[in-house]
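Since the structure comes first, as structure tokens, the remarks are kept for the end.
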Amino acid sequence: MLGLAFLLLPLAGLLVRTPWGELGTHLAQPAVAEALRLSLVSALLATAICLLLGVPLAWVLARASFPGLRLVRALVTLPMVLPPVVGGVALLLLLGRRGLVGQYLYDWFGVSLPFTTAAVVIAEAFVAMPFLVIAVEGALRGADRRYEDAAATLGAGRWLTFRRVTLPMVAPGVSAGAVLCFARALGEFGATITFAGNFPGVTRTMPLSIYLALESDPEAAIVLSLLLLVVSVAVLVALRGRWITGASS
Amino acid sequence: MLRRTHTPRHLAVPTAVALACTLTACGTEGDEAAADVTGDITVFAAASLTDTFTELGEAFEAEHPGTTVTFSFAGSSALAQQIISGAPADVFASASPATMALVTDEELAAGDPVVFVRNRLQIAVPAGNPAGVTGLEDFTNEDLTIALCAEEVPCGVASVQVFEAAGLTPAPDTYEEDVRATLTKVELDEVDAALVYRTDVLVAGDAVEGIDFPEAEEAVNDYPIAVLAEAPNAVGGRAFVDFVRSEAGRAALGSAGFDLP
Numbered sequence: 009m010l011g012l013a014f015l016l017l018p019l020a021g022l023l024v025r026t027p028w029g030e031l032g033t034h035l036a037q038p039a040v041a042e043a044l045r046l047s048l049v050s051a052l053l054a055t056a057i058c059l060l061l062g063v064p065l066a067w068v069l070a071r072a073s074f075p076g077l078r079l080v081r082a083l084v085t086l087p088m089v090l091p092p093v094v095g096g097v098a099l100l101l102l103l104g105r106r107g108l109v110g111q112y113l114y115d116w117f118g119v120s121l122p123f124t125t126a127a128v129v130i131a132e133a134f135v136a137m138p139f140l141v142i143a144v145e146g147a148l149r150g151a152d153r154r155y156e157d158a159a160a161t162l163g164a165g166r167w168l169t170f171r172r173v174t175l176p177m178v179a180p181g182v183s184a185g186a187v188l189c190f191a192r193a194l195g196e197f198g199a200t201i202t203f204a205g206n207f208p209g210v211t212r213t214m215p216l217s218i219y220l221a222l223e224s225d226p227e228a229a230i231v232l233s234l235l236l237l238v239v240s241v242a243v244l245v246a247l248r249g250r251w252i253t254g255a256s257s
Numbered sequence: 657m658l659r660r661t662h663t664p665r666h667l668a669v670p671t672a673v674a675l676a677c678t679l680t681a682c683g684t685e686g687d688e689a690a691a692d693v694t695g696d697i698t699v700f701a702a703a704s705l706t707d708t709f710t711e712l713g714e715a716f717e718a719e720h721p722g723t724t725v726t727f728s729f730a731g732s733s734a735l736a737q738q739i740i741s742g743a744p745a746d747v748f749a750s751a752s753p754a755t756m757a758l759v760t761d762e763e764l765a766a767g768d769p770v771v772f773v774r775n776r777l778q779i780a781v782p783a784g785n786p787a788g789v790t791g792l793e794d795f796t797n798e799d800l801t802i803a804l805c806a807e808e809v810p811c812g813v814a815s816v817q818v819f820e821a822a823g824l825t826p827a828p829d830t831y832e833e834d835v836r837a838t839l840t841k842v843e844l845d846e847v848d849a850a851l852v853y854r855t856d857v858l859v860a861g862d863a864v865e866g867i868d869f870p871e872a873e874e875a876v877n878d879y880p881i882a883v884l885a886e887a888p889n890a891v892g893g894r895a896f897v898d899f900v901r902s903e904a905g906r907a908a909l910g911s912a913g914f915d916l917p
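Below, the structure written as structure tokens:
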């Protein structure tokens with residue numbers, strides 16, 4: 009109970025200080041809709057990237073066995089424990105226009121990733137992917153491998169087995185991971201502002217708007233926080249109800 | 657003093673001391689107070705003062721054996737909030753009169769704050785100035801990658817003022833959350849130009865070059881300093897403020913890139 013209070017009381021503080029009377033005026037600012045749209049779109053894209061890259065990675069971690077696997081598993085979770093700002097600096101040093109890889113992108117194709125929406129998506133995916141990988145890896149470990157063996161005995165190839173047998177079995181894990189991943193991406197701040205910068209409509213997501221509003225207009229910051237909170241809770245509740253319990257029952 | 661460059665040097669120094677004495681009531685009384693300077697002195701100072709004040713603190717400790725100067729460096733508004741919430745500080749050095757006003761409005765300053773340095777904006781470009789930036793006009797070039805401070809923080813407010821004075825509409829690619837973040841983007845060569853304080857350009861060393869521009873005159877930032885009303889060590893606090901405003905203090909601040917009033 010104490011734990012629950014610890015988690016929920018700060019949110020109560022937010023609700024108490026919300027200027028309900030001026031809620032409409034604050035929310036009607038065009039910049040708010042712009043930031044919210046950018047946040048949702050970039051978090052969705054980041055989740056898609058995480059699914060694309062994270063599910064195969066989780067499969068390798070759960071099924072393969074090679075020396076150094078434990079180390080790899082630890083490294084995969086690094087973005088979870090790394091301060092996001094450090095992640096942002098690391099991305100800048102890799103993908104910035106003078107970065108390890110970024111300098112070739114810039115010199116050969118004229119592409120500079122920082123300060124673009126693509127950079128927001130990359131920063132969010134970097135920070136959020138471990139959440140998906142851990143959830144999917146856990147589901148894969150829990151799945152009964154005899155079904156896969158049976159499929160293989162019946163002549164199914166590895167890809168067909170993965171697609172038709174393994175994936176449906178771990179679907180609840182994948183969707184739980186995707187929801188966590190999306191929620192983490194939606195709230196991403198440190199890596200985003202460091203790697204992608206902050207420009208309205210291009211890289212200024214909701215958390216960045218909230219941070220900047222706090223410097224000059226705390227009331228607006230509280231309203232924006234409340235909006236982000238409502239959206240996050242709505243997404244979590246909707247997806248939990250529809251996918252996770254639905255798929256496992 | 658800066659403007660009166662024709663004043664002979666041997667006259668200027670005694671004048672400064674006499675002036676300081678009328679302001680701080682030194683003489684025999686002051687000498688007695690100097691003898692009492694001891695113990696811990698806690699100084700809350702704006703982040704942009706980090707390097708100079710650390711240096712000055714060590715010089716002060718050497719001059720007053722038995723004292724320990726402890727600094728808390730952060731954004732001025734955060735420090736002002738901490739002082740209002742009862743943080744046990746002796747001295748507050750703020751990067752803007754507006755944040756100092758938060759403290760004086762609560763009657764938490766002992767006496768009127770004095771402006772001890774000024775800071776102005778400078779154009780910061782990566783070493784070698786790869787984009788060939790020459791002045792404020794280049795900030796309107798869409799093809800350049802440009803970082804400015806967000807308008808919510810003091811350096812962003814100053815940036816808006818200089819662009820208004822110049823009659824230019826900048827085309828930035830990012831509004832950074834504080835002046836050091838803006839500087840970092842220049843240091844890493846991720847932007848072609850940015851507006852930061854002159855002192856920040858000096859801190860960055862060889863990685864960053866600074867370019868002065870005339871419109872910077874329109875947004876000169878005053879730094880006020882004050883001993884606090886509820887200072888646990890008011891005597892020590894006053895001695896530190898006097899030290900910052902002494903010739904030694906001014907020399908250190910001047911070489912860090914600050915303008916001296």
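Chains as they are written, first to last, in our numbering: chain D, 9 to 257; chain H, 657 to 917. Heads up, the beta-carbon is just placed ideally off N, CA and C, and yes, glycines get one too.
- Excluding five sequence positions before and after H:Val725, the CB atoms of its chain that fall closer than 7 Å to its own CB belong to Ile697, Val699, Gly713, Phe716, Glu717 and Phe896, given in chain order.
- Cβ contact annotation for D:Val93 (same chain, cutoff 6 Å, sequence separation greater than five): Gly198 and Thr202, in chain order.
- Under DSSP, H:Arg774 takes part in a beta bridge, and its partners are H:Asp878 and H:Asp915.
- Within the model, the alpha-carbon separation for H:Arg854 versus H:Val883 is close to 27 Å.
- Around the beta-carbon of H:Phe914, 16 or more other beta-carbon atoms lie within 10 Å, marking it buried.
- The beta carbon of D:Phe170 does not come within 8 Å of any beta carbon belonging to chain H, so the residue lies off that interface.
- The residue from D:Ser233, D:Arg212, D:Leu99 and D:Val178 with its alpha-carbon nearest to that of D:Leu121 is D:Leu99.
- In this structure, H:Leu758 is the residue among H:Leu758, H:Ala863, H:Ser902 and H:Gly791 with its C-alpha nearest to the C-alpha of H:Ser733.
- Between the C-alpha atoms of H:Gly722 and H:Ala904 there is a straight-line separation of about 20 Å.
- C-alpha of H:Asp856 to C-alpha of D:Thr169: approximately 60 Å in a straight line.
- Collapsing the DSSP output to three states places H:Leu884 in a strand.
- Among the residues of the segment 12-44 of chain D, none has a Cβ less than 9 Å away from any Cβ of chain H.
- Restricting attention to D:Leu234, D:Leu247, D:Gly209 and D:Ser183, the CA atom closest to the CA of D:Arg45 is found in D:Gly209.
- Around the CB of H:Glu793, fewer than 16 other CB atoms lie within 10 Å, so the residue is classed as exposed.
- Residues of chain H whose Cβ lies closer than 8 Å to the Cβ of D:Ser47 do not exist; the shortest such Cβ separation is about 17 Å.
- Listed by position along chain H, the residues whose Cβ is nearer than 7 Å to that of D:Glu223 are Glu808 and Val809.
- Residue pairing of H:Pro782 in beta bridges, as defined by DSSP: H:Val864.
- For H:Ala765, the secondary structure class from DSSP, reduced to helix, strand or coil, is strand.
- Leaving aside the five residues that flank D:Val128 on each side, the residues in its chain whose CB is nearer than 6 Å to its CB run, in chain order, Ser50, Thr200, Ala204 and Thr211.
- Contact of H:Leu758 with chain D is not assigned, every C-beta pair being separated by 8 Å or more.
- Linking H:Gly823 to H:Asn877 through their CA atoms gives a straight-line distance of about 20 Å.
- Under the DSSP definition of a beta bridge, H:Thr723 partners with H:Gly695.
- Taking a C-beta cut-off of 9 Å against chain H, the contacting residues of the segment 187-211 of chain D are Ile201, Thr202, Ala204, Gly205, Asn206, Phe207, Pro208, Val210 and Thr211, listed in chain order.
- When DSSP assignments are scanned along the segment 159-192 of chain D, the uninterrupted stretches of alpha helix (DSSP H) that are 4 or more residues long and fall wholly within it turn out to be 166-169.
- Straight-line measurement puts the Cα of H:Phe709 at about 18 Å from the Cα of H:Val835.
- Listed along the chain, the chain H residues whose CB falls inside 7 Å of the CB of D:Pro122 are Glu846.
- Scanning D:Arg71, D:Leu247, D:Ser233 and D:Val239 for the CA closest to the CA of D:Pro18 turns up D:Ser233.
- Here H:Glu871 is near H:Val818, since their CB atoms are less than 8 Å apart.
- Contact between the segment 739-746 of chain H and the segment 886-901 of chain H is present, with at least three C-beta pairs closer than 8 Å.
- Between D:Gly104 and chain H, the shortest Cβ-Cβ separation is below 8 Å.
- Straight through space, the alpha carbons of D:Ala179 and H:Pro828 are spaced by roughly 44 Å.
- Under the three-state reduction of DSSP output, H:Val747 falls in the strand class.
- D:Asp152 and D:Ser183 have their C-alpha atoms some 19 Å from each other.
- In terms of beta-carbon proximity, H:Glu833 lines the interface with chain D, with at least one pair separated by less than 8 Å.
- Scanning H:Val859, H:Val852, H:Leu705 and H:Ala890 for the CA closest to the CA of H:Val773 turns up H:Leu705.
- Contact between the segment 59-72 of chain D and the segment 803-818 of chain H is absent: fewer than three C-beta pairs spanning the two stretches fall below 8 Å.
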